[in-house]
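Protein chains in written order, with the working numbering: chain H, 76 to 306; chain E, 2 to 407. Single-structure report; data block below.
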Amino acid sequence: MSLIQVKDLYKIYQMGNTEVRALDGVSLSIEQNEYISIMGPSGSGKSTLMNLLGCLDTPTNGEFFMDGINVATMGDDELAHIRNKKIGFVFQTFNLLPKSTSLRNVELPLIYNGAIKAADRKGMAIQALERVRLGDRIHHKPNELSGGQRQRVAVARALVNNPAIILADEPTGNLDSKTGEEIMALFDELHKQGNTIILVTHEEHIAEHAHRVVRLLDGKIASDDLTSRAR
Amino acid sequence: MRSFFWENLRIALSELWGHKTRSILTGTGIVIGIIAVSLMSTLINGVDTLFEDSMKFLGRGNLYIEKWPWFGDEDWWTLRNRPEIELDMADDIKERSEYALVVAAERGRSANLSYQDLSAENIFIHGVTANYPEVSTVDVEFGRFFTESEDRTGAQVVLLGSEVAKNLFPQGNPVDKMIFAGSKRFRVIGVLAEMGKFMGSFSNDTQVLIPLATFNKIFHGPWGKRTITVKVPEDRVDEAKEELRGVIRVLRGQKPGEKDNFAVNQQNAFRQTYQGIKLAIGGTGMVITALSLLVGGIGIANIMFVSVKERTREIGIRKALGATKGQIQGQFLIEAMVITASGGLVGLIISTLISLAISKFIFPANMSFGVAFMAIGLSIAVGLFAGLAPARKGAKLDPIEALRYE
Ligand SMILES: Nc1ncnc2c1ncn2[C@@H]1O[C@H](COP(=O)(O)OP(=O)(O)OP(=O)(O)O)[C@@H](O)[C@H]1O
Ligand SMILES: [Mg+2]
């Protein structure tokens with residue numbers, strides 16, 4: 076049984092008379108502990124696919140199974156639970172709470188994780204921030220951070236609950252190549268620990284960290300290949 | 002779940018702190034509502050206590066035969082033309098009534114008193130029969146009451162109300178001292194225990210008691226209000242009242258069919274009238290209070306809708322990170338309840354201060370724990386109701402649409 080299986084997934088936006096086919100019949104299987112990069116030109120449907128895989132959005136048509144369970148049959152609370160514990164999402168636009176510090180932002184998933192004691196949260200959040208080398212910025216609010224630093228807070232927030240699946244939408248888009256490599260080293264490490272990593276990128280050298288590259292074009296899968304790193 | 006409560010409280014407080022002016026303006030409606038509720042209840046409680054205290058002056062089993070009824074809507078001129086109560090009827094009533102246990106008579110008027118160079122003006126001089134203590138709550142603190150023979154012979158003896166005693170004898174025992182009432186000399190034979198005020202105004206402590214016969218001897222003419230007080234068994238007041246009416250009609254020679262030319266008053270009349278007034282005031286108060294809380298609640302609901310709208314993205318982020326509907330709903334509900342509970346607390350503090358001021362200057366009105374509890378409970382309930390619709394609206398948002406909201 077695959078970790079993730081999507082069959083004939085469509086996401087169609089009706090804009091007046093024209094329809095935008097953000098996803099136009101995507102079928103894909105992802106196994107436990109895969110390391111996948113999704114590439115494709117701007118507007119090809121990468122973020123749309125990520126949102127669906129992250130259980131944030133619902134498809135217009137098609138099926139999506141996670142651990143063999145049809146996501147469409149899950150209730151709101153179950154979905155919330157999956158988003159909280161199973162998935163770590165790094166948004167293309169970061170989506171940090173603007174009035175909260177880095178620490179509070181990273182603590183958020185822990186707050187909604189009923190299993191973690193309030194007393195342990197702070198330590199876990201600081202640890203996650205240290206992993207993205209932001210240990211000295213824990214009391215800064217997003218508008219007091221650089222673009223790259225914000226992106227790293229978003230990464231720390233995605234890691235903090237130690238989710239099985241990490242969905243990262245251009246996690247290095249705002250980073251210089253050195254910091255970008257640091258973040259990628261982090262993903263490599265998580266992958267080694269058994270986590271499943273799915274990331275969107277435009278940069279070939281970032282995509283090369285993955286073992287499999289899925290290319291999208293106009294909402295369709297154009298190619299799906301293993302990289303040189305796959306054994 | 003417990004940690005959510007604290008987390009939501011923390012979010013609510015920082016959110017409200019971040020919009021200080023807005024929070025204060027929103028909470029003001031509740032503050033006013035809660036002041037209205039708690040002051041209204043406190044005042045009614047205060048008036049109640051006052052009323053019950055006052056009622057102690059009027060024995061439950063006492064019937065008061067007087068020219069004027071205490072309550073009623075009879076024609077003033079008819080009442081005015083009634084004959085004064087003949088106090089010497091007292092003995093005949095005692096003889097003819099089956100129910101009468103004690104029959105006392107009294108009359109009163111104001112006069113100035115003096116002792117050496119001290120004087121007390123406008124003191125109510127009460128001429129009463131020697132059995133007066135049996136129909137009233139007077140207590141002799143020092144000295145003694147006058148005897149039947151002192152009453153019969155018109156002895157010039159006086160008992161002072163506690164205030165009068167304090168004023169005329171600031172340092173020391175007045176018993177056996179001689180005071181003047183007008184030009185007459187009286188020997189002080191006792192001082193009455195402090196009794197407090199009747200209905201918050203007239204105080205029995207500023208009166209003096211002298212024997213009725215002495216009063217009649219000194220103050221000629223139609224002075225003062227006359228009352229015959231008949232003490233009857235408390236459980237037979239109604240029957241006794243009917244009997245007394247008959248007895249007095251006979252004594253006065255009234256013809257059958259003629260209207261009573263006297264009134265038989267009783268405590269119940271006060272009670273009924275008071276209950277009516279209390280109900281009217283309380284009812285009006287309730288309506289005003291309910292309205293003000295409703296208006297306050299609508300204000301809260303309104304601001305909460307605005308808040309949910311403004312924080313659509315925040316809701317999207319929280320949902321994306323795993324917040325359930327219930328958790329989002331709880332967050333906004335707690336926020337609404339924090340506004341109303343703080344408003345309620347402020348309202349409670351203000352009304353406590355106001356009721357302290359009222360207690361000090363007007364009449365005893367103490368904020369009870371019950372009222373405080375109710376006020377806080379009510380304000381939280383208003384928050385709950387006002388917050389419900391906006392909180393549900395926020396909780397229902399679709400995560401991805403909320404995230405895209407600009
Ligand atoms: N809410 C929406 N309403 C209408 N059209 C939308 C909506 N969201 C996305 N689209 C359209 O769907 C298409 C795919 O968008 P998507 O965000 O998935 O692209 P992308 O591959 O992530 O691009 P980029 O590399 O620029 O991030 C785009 O053409 C976009 O205009
Ligand atoms: Mg995108």
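Note that beta-carbon positions come from the ideal geometry of N, C-alpha and C, so glycine has one too. Keep in mind that this is a model prediction, so the values were computed, not measured.
Supposed close pair residue 321(E), residue 404(E) - CB separation, criterion 8 Å: By 1-based counting over the second sequence, the position of residue 321(E) is 320. By 1-based counting over the second sequence, the position of residue 404(E) is 403. Taking C-beta atoms under 8 Å as the contact rule, residue 321(E) and residue 404(E) qualify, at a distance of about 6 Å.
Residue 278(E) versus residue 237(E) - alpha carbon distance: On the second sequence, position 277 is the one that residue 278(E) refers to. On the second sequence, position 236 is the one that residue 237(E) refers to. If you draw a straight line from the Cα of residue 278(E) to the Cα of residue 237(E), it comes to about 27 Å.
Please state the DSSP three-state secondary structure of residue 208(E). Residue 208(E) sits at position 207 when you count from the first residue of the second sequence. Strand, per DSSP.
Output needed for residue 395(E): all residues of its chain with C-beta closer than 6 Å, excluding positions within five of it in sequence on either side, in chain order. The count along the second sequence starts at 1 and reaches residue 395(E) at position 394. Once the five neighbours on either side are set aside, the close Cβ partners of residue 395(E) are 309, 316, 329, 333.
For residue 304(H), which residues from the same chain have a beta carbon less than 6 Å from its beta carbon, with the 5 sequence-adjacent residues on both sides left out? Here residue 304(H) refers to the residue found at position 229 when the first sequence is read from its first residue. Around residue 304(H): 286.
Which of helix, strand or coil does DSSP assign to residue 250(H)? Sequence index remark: in the first sequence, residue 250(H) carries index 175 (1-based). Coil at residue 250(H), not helix or strand.
Residues from the segment 387 to 403 of chain E in contact with chain H, defined by Cβ distance under 7 Å: Under the 7 Å Cβ criterion, the segment 387 to 403 of chain E contributes 400, 401.
Residues of its chain near residue 184(H), where Cβ-Cβ distance is below 7 Å and the 5 sequence neighbours each way are ignored: Walking along the first sequence from the start, residue 184(H) turns up at place 109. Counting only Cβ-Cβ distances below 7 Å, and skipping sequence neighbours, we find 159, 232, 235, 236.
Just list the beta strand (DSSP E) runs in the segment 244 to 302 of chain E, keeping only unbroken ones of 3 residues or longer that don't cross its boundaries, in chain order. You should have 264 to 267.
Shorter than 8 Å from the beta carbon of residue 188(H) to some beta carbon of chain E? Locating residue 188(H) in the first sequence gives position 113, counting from the first residue. Output row for residue 188(H): interface = yes.
Determine the chain H residues that contact residue 407(E) at a beta-carbon separation under 8 Å, and present them in chain order. Along the second sequence, one-based indexing puts residue 407(E) at 406. Within chain H, not a single residue places a beta-carbon under 8 Å from that of residue 407(E); the smallest gap is close to 11 Å.
Same chain only: Cβ atoms within 6 Å of residue 103(H), ignoring 5 sequence neighbours per side: Here the question's residue 103(H) lines up with position 28 in the first sequence. Here the set comprises 81.
Measure the C-alpha to C-alpha separation of residue 299(H) and residue 89(H) and round it to an integer number of angstroms. What you label residue 299(H) is simply residue 224 of the first sequence in a count that begins at 1. What you label residue 89(H) is simply residue 14 of the first sequence in a count that begins at 1. So the alpha carbons of these two residues sit roughly 28 Å apart.
Could you run through the segment 206 to 240 of chain H and flag, in chain order, every residue whose CB is less than 7 Å away from some CB of chain E? Listed in sequence order: no entries.
With burial defined as no fewer than 16 other Cβ atoms inside 10 Å of the residue's Cβ, what is the status of residue 262(H): buried or exposed? Locating residue 262(H) in the first sequence gives position 187, where the first residue counts as 1. Residue 262(H) should be labelled buried.
Which residues bound the alpha helix (DSSP H) around residue 102(E)? Looking up residue 102(E) in the second sequence gives position 101. Bounds of any alpha helix (DSSP H) do not take in residue 102(E), whose DSSP letter is neither H nor E.
Any C-beta of chain H under 8 Å from that of residue 323(E): If you number the second sequence from 1, residue 323(E) lands on position 322. So yes, residue 323(E) belongs to the interface.
Can you pull the DSSP bridge partners for residue 163(H)? For the purposes of this step, residue 163(H) is taken as the residue at position 88 of the first sequence. DSSP lists 241(H) as partners of residue 163(H).
Please find out if some non-hydrogen atom of ligand 1 comes closer than 7 Å to the beta-carbon of residue 259(H). For the purposes of this step, residue 259(H) is taken as the residue at position 184 of the first sequence. Checking the 7 Å criterion, the Cβ of residue 259(H) is out of range of every heavy atom belonging to ligand 1.
Looking at the strands, I want to know which residues DSSP matches up with residue 141(H). Taking the first sequence and counting its residues from 1, the one referred to as residue 141(H) is at position 66. Residue 141(H) has 79(H), 144(H) as its beta-bridge partners, per DSSP.
So what's residue 127(E) in DSSP terms, helix, strand or just coil? Along the second sequence, one-based indexing puts residue 127(E) at 126. Residue 127(E) falls in the strand class under three-state DSSP.
Using only the heavy atoms of ligand 1, determine whether one of them is closer than 7 Å to the beta carbon of residue 192(H). The residue you call residue 192(H) lines up with position 117 of the first sequence. No, since every heavy atom of ligand 1 falls outside the 7 Å radius drawn around the Cβ of residue 192(H).
Any beta carbon from chain H within less than 8 Å of residue 1(E)'s own beta carbon? Since the first residue of chain E shown is 2 and the last is 407, residue 1(E) is not available in this structure.
Whose CA, out of 367(E), 390(E), 337(E), lies closest to the CA of residue 9(E)? Indexing the second sequence from 1 puts residue 9(E) at position 8. Residue 337(E) is the option with its Cα nearest to residue 9(E).
Name the DSSP beta bridge partners of residue 83(E), please? Sequence index remark: in the second sequence, residue 83(E) carries index 82 (1-based). Its beta-bridge partners do not exist; DSSP assigns none.
Closest to residue 125(E) by C-alpha separation, out of 116(E), 356(E), 205(E), 42(E), would be which residue? Within the second sequence, residue 125(E) is the residue found at index 124, counting from 1. Ranked by Cα distance from residue 125(E), the options 116(E), 356(E), 205(E), 42(E) are led by 205(E).
With 9 Å as the C-beta to C-beta threshold (strictly closer), list the residues of the segment 143 to 154 of chain H near chain E in chain order. Listed in sequence order: 151, 152, 154.
Residues in the segment 324 to 349 of chain E having any Cβ partner in chain H nearer than 7 Å: Those residues of the segment 324 to 349 of chain E that come within reach of chain H (Cβ to Cβ, closer than 7 Å) are 324, 325, 326, 328.
Quick one: is residue 311(E) near chain H, going by C-beta distance under 8 Å? The residue you call residue 311(E) lines up with position 310 of the second sequence. No, residue 311(E) lies away from the interface with chain H (no Cβ there is under 8 Å from its Cβ).
Between residue 319(E) and chain H, is any beta-carbon pair separated by less than 8 Å? The count along the second sequence starts at 1 and reaches residue 319(E) at position 318. At least one CB atom of chain H sits nearer than 8 Å to the CB of residue 319(E).
Return yes when the C-beta of residue 243(H) is under 7 Å from any heavy atom of ligand 1, and no when it is not. What you label residue 243(H) is simply residue 168 of the first sequence in a count that begins at 1. Not a single heavy atom of ligand 1 lies less than 7 Å from the C-beta of residue 243(H).
Regarding residue 308(E) and ligand 3, is the C-beta to nearest heavy atom distance less than 7 Å? Looking for ligand 3 in the displayed structure turns up nothing; the ligands present are ligand 1 and ligand 2.
Can you list the residues of chain E that residue 184(H) reaches, using a CB-CB cut of under 7 Å? By one-based count along the first sequence, residue 184(H) stands at place 109. Listed along chain E are 322, 323, each with a C-beta nearer than 7 Å to that of residue 184(H).
Smallest Cα separation from residue 278(H): which of 269(H), 290(H), 125(H), 196(H)? Mapped onto the first sequence, residue 278(H) falls at position 203. It is 290(H).
Is the beta carbon of residue 121(H) sitting closer than 8 Å to the one on residue 275(H)? Mapped onto the first sequence, residue 121(H) falls at position 46. Mapped onto the first sequence, residue 275(H) falls at position 200. Contact check for residue 121(H) against residue 275(H) passes: the beta carbons are separated by less than 8 Å.
Taking a contact to mean a Cβ-Cβ separation below 8 Å, would you say residue 232(E) touches residue 88(E) in this structure? Here residue 232(E) corresponds to residue number 231 of the second sequence, with the count starting at 1. Here residue 88(E) corresponds to residue number 87 of the second sequence, with the count starting at 1. At least 8 Å separates the beta-carbon of residue 232(E) from that of residue 88(E).
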